[in-house]
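Comments concern the structure below.
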Amino acid sequence: MRKIAIFTGTRAEYGLLYWTLKGLKAHPRCDLQLFVGGMHLSREFGYTIEQIKQDGFDVTGQLEFLVSSDTALGVSKSMALAMMSAAEQFVIHTPDMLLVLGDRYESLAVAQAAMLANIPIAHIHGGEATEGLIDEAIRHSLSKMSHLHFTTTEVYKKRVEQLGEQPNRVFNVGAPGIDNLLKLNLLSKKSLEKELDFKLGEQFFLVTYHPLTLDKESSLQALENLLLAFGAFPHYQLVITYPNADTFGRVLIDKLQEFAKSQTTRVLLTQSLGQLKYLSLMKVCDAVVGNSSSGILEAPSCKVATVNIGARQLGRVAAKSVIQSGGSVEEIVQALKTAISLEHKEVCMSVISPYGTGGASDKIVHEVMNQSLEDILLKRFNDFGGES
Numbered sequence: 047m048r049k050i051a052i053f054t055g056t057r058a059e060y061g062l063l064y065w066t067l068k069g070l071k072a073h074p075r076c077d078l079q080l081f082v083g084g085m086h087l088s089r090e091f092g093y094t095i096e097q098i099k100q101d102g103f104d105v106t107g108q109l110e111f112l113v114s115s116d117t118a119l120g121v122s123k124s125m126a127l128a129m130m131s132a133a134e135q136f137v138i139h140t141p142d143m144l145l146v147l148g149d150r151y152e153s154l155a156v157a158q159a160a161m162l163a164n165i166p167i168a169h170i171h172g173g174e175a176t177e178g179l180i181d182e183a184i185r186h187s188l189s190k191m192s193h194l195h196f197t198t199t200e201v202y203k204k205r206v207e208q209l210g211e212q213p214n215r216v217f218n219v220g221a222p223g224i225d226n227l228l229k230l231n232l233l234s235k236k237s238l239e240k241e242l243d244f245k246l247g248e249q250f251f252l253v254t255y256h257p258l259t260l261d262k263e264s265s266l267q268a269l270e271n272l273l274l275a276f277g278a279f280p281h282y283q284l285v286i287t288y289p290n291a292d293t294f295g296r297v298l299i300d301k302l303q304e305f306a307k308s309q310t311t312r313v314l315l316t317q318s319l320g321q322l323k324y325l326s327l328m329k330v331c332d333a334v335v336g337n338s339s340s341g342i343l344e345a346p347s348c349k350v351a352t353v354n355i356g357a358r359q360l361g362r363v364a365a366k367s368v369i370q371s372g373g374s375v376e377e378i379v380q381a382l383k384t385a386i387s388l389e390h391k392e393v394c395m396s397v398i399s400p401y402g403t404g405g406a407s408d409k410i411v412h413e414v415m416n417q418s419l420e421d422i423l424l425k426r427f428n429d430f431g432g433e434s
């Protein structure tokens, strides 16, 4: 048996890992170890560990580390606690490999604990670029700690290799999130209205706006401008999800709560929708709005427009259905007008996602379970253009 540890600290990350978790759980040679922490254990963010359990996964260990503060000091303390908690769990459960996804600070802390314990690390979503974010540094740091890499495009595969990683350990598998769209039985609009106890109306926007981790003031200003811009579209309902527990995240939550209270019949503000409801809403909404990576990774496969605001996702490969907007009210209004135009709807219907057509999770499971672990910890820096 091969003991594969997976860490998840946020709702979005768990959704992207779902089918990989399912595949590993079903694998006859895999002893799946699932470690859950961060926002999953926070009542403020929906206590989504319950959803993980309802999905049929056994939680091997809970990593308690989320400090109730989104200041730089608070996040630093959370990272320190995450590393300590993970180190304790790894001593107890001795995994053969750790699998992490993305660019969250919690994942970096858990990976550091694995690195110091000589546990091989596999990383999903490496090689991507996001301007103006701490995520950029975290993502590339995770790549350098890792021994297997699963990228979502050929561009990102080459970028991981540019970091000195050996090409025979880097696999372009596509985006795992697309598997959710192909495998989940998505809900109809009528079913969604019943589940959410909210009228979606004829037209609605699906909105998520996360803080820019390097810039508090521009994050808040852009959110305020976004909410003002919605005033130009009074007939559109708004389904808004909470931002992540990043630096400055609670400032944005306060602003969103104030906005939602002022328009209770028009705005649904929710801590967490879960993957099924979120993707079902994405499939039937008029546009995905904000700065969530889901607007870049999954929305094109739904044939839905994305209005991506600000710098948070700049640098990622984007489909033609994605409209990049500045943060002013005027720019956002114009981008939204473009998104709902008949011309752009035609673009969305014909777009081909640069993130593949599905099957990423199966490819990840195959490599994680079949790659030799002998000498995997020994890494040689591969000069770009060199041999593997």
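First residue of the sequence shown: 47, per my numbering; consecutive thereafter. Beta carbons: idealized from backbone N, C-alpha and C, even for Gly.
Buried/exposed call for residue i, threshold 16 Cβ in 10 Å
| i | result |
| --- | --- |
| F111 | buried |
| E174 | buried |
| D104 | exposed |
| E59 | buried |
| M328 | buried |
| D149 | buried |
| H171 | buried |
| S434 | Summary for S434: the model assigns pLDDT 46, below 50, so the residue's position carries little reliability; its value from the coordinates is reported in the next sentence. By the neighbour-count rule (16 or more Cβ atoms within 10 Å), S434 is not buried but exposed. |
| T140 | exposed |
| N164 | exposed |
| I95 | buried |
| T56 | buried |
| N416 | exposed |
| T311 | exposed |
| K323 | buried |
| M85 | buried |
Residue from the options whose Cα sits closest to the Cα of residue i
| i | options | result |
| --- | --- | --- |
| L70 | L87, F91, E59, I50 | I50 |
| A160 | V375, F136, A183 | F136 |
| A126 | T106, I138, Y151 | Y151 |
| I286 | A268, F305, L273, T254 | T254 |
| C348 | A275, A157, L230, S418 | L230 |
| A132 | V201, R205, I52 | I52 |
| S124 | L209, S308, S88 | S88 |
| V146 | K425, F430, V414 | V414 |
| Q79 | S340, S396, Q108, A385 | Q108 |
| K301 | T311, E270, E241, P400 | E270 |
| Y64 | G84, A351, K99 | K99 |
| G405 | T198, A72, L298 | T198 |
| L242 | L258, F250, L314 | L314 |
| L279 | Y401, A157, A385 | Per the sequence presented here, residue 279 reads as Phe, with Leu not at that position. It is A385. |
| M395 | Y93, V368, V375 | V368 |
| A268 | G220, G336, R296 | G336 |
Enclosing beta strand (DSSP E) for residue i [first to last residue]
| i | result |
| --- | --- |
| S371 | 368-371 |
| M143 | 143-147 |
| K49 | 48-54 |
| Q321 | First-last for Q321: 320-330, but that is the alpha helix (DSSP H), not the beta strand (DSSP E). |
| L209 | Looking at the DSSP string, L209 is not in any beta strand (DSSP E), and its letter there is neither H nor E. |
Per DSSP, the bridge partner or partners of residue i
| i | result |
| --- | --- |
| V353 | V335, I369 |
| H195 | H169, V216 |
| G107 | F81 |
| L252 | V285, V334 |
| V313 | L284 |
| C76 | R48 |
Where the alpha helix (DSSP H) containing residue i begins and where it ends
| i | result |
| --- | --- |
| I138 | 118-139 |
| R10 | Since the displayed the chain opens at 47 and closes at 434, residue 10 lies outside it and no answer follows. |
| E376 | 375-385 |
| S418 | Neither: S418 is in no alpha helix (DSSP H) and is coded neither H nor E. |
| C348 | No alpha helix (DSSP H) holds C348; DSSP gives it neither H nor E. |
| D225 | 223-229 |
| E152 | 151-162 |
| H86 | It is not in any alpha helix (DSSP H) - H86 carries neither H nor E in the DSSP assignment. |
| E239 | 235-242 |
| Q100 | 95-100 |
| I180 | I180 -> no alpha helix (DSSP H), and no H or E assigned at all. |
| L388 | 388-396 |
Sequence-distant residues of its chain with Cβ nearer than 7 angstroms to residue i (five each side left out)
| i | result |
| --- | --- |
| A183 | none |
| E211 | S189, H195, N428 |
| R215 | H193, L194, H195 |
| L227 | L325, E344, S347, C348 |
| E239 | K245, L246 |
| P166 | M143, H193, L419, I422, L423 |
| V201 | V363 |
| Q208 | F430 |
| F250 | Y282, Q283, L284, V285, C331, D332 |
Sequence-distant residues of the same chain with beta carbon closer than 6 angstroms to residue i, five excluded per side
| i | result |
| --- | --- |
| Q321 | G61, N226 |
| Y233 | The amino acid occupying residue 233 in the given sequence is Leu; Tyr does not appear at that position. Result list for L233: S326, in chain order. |
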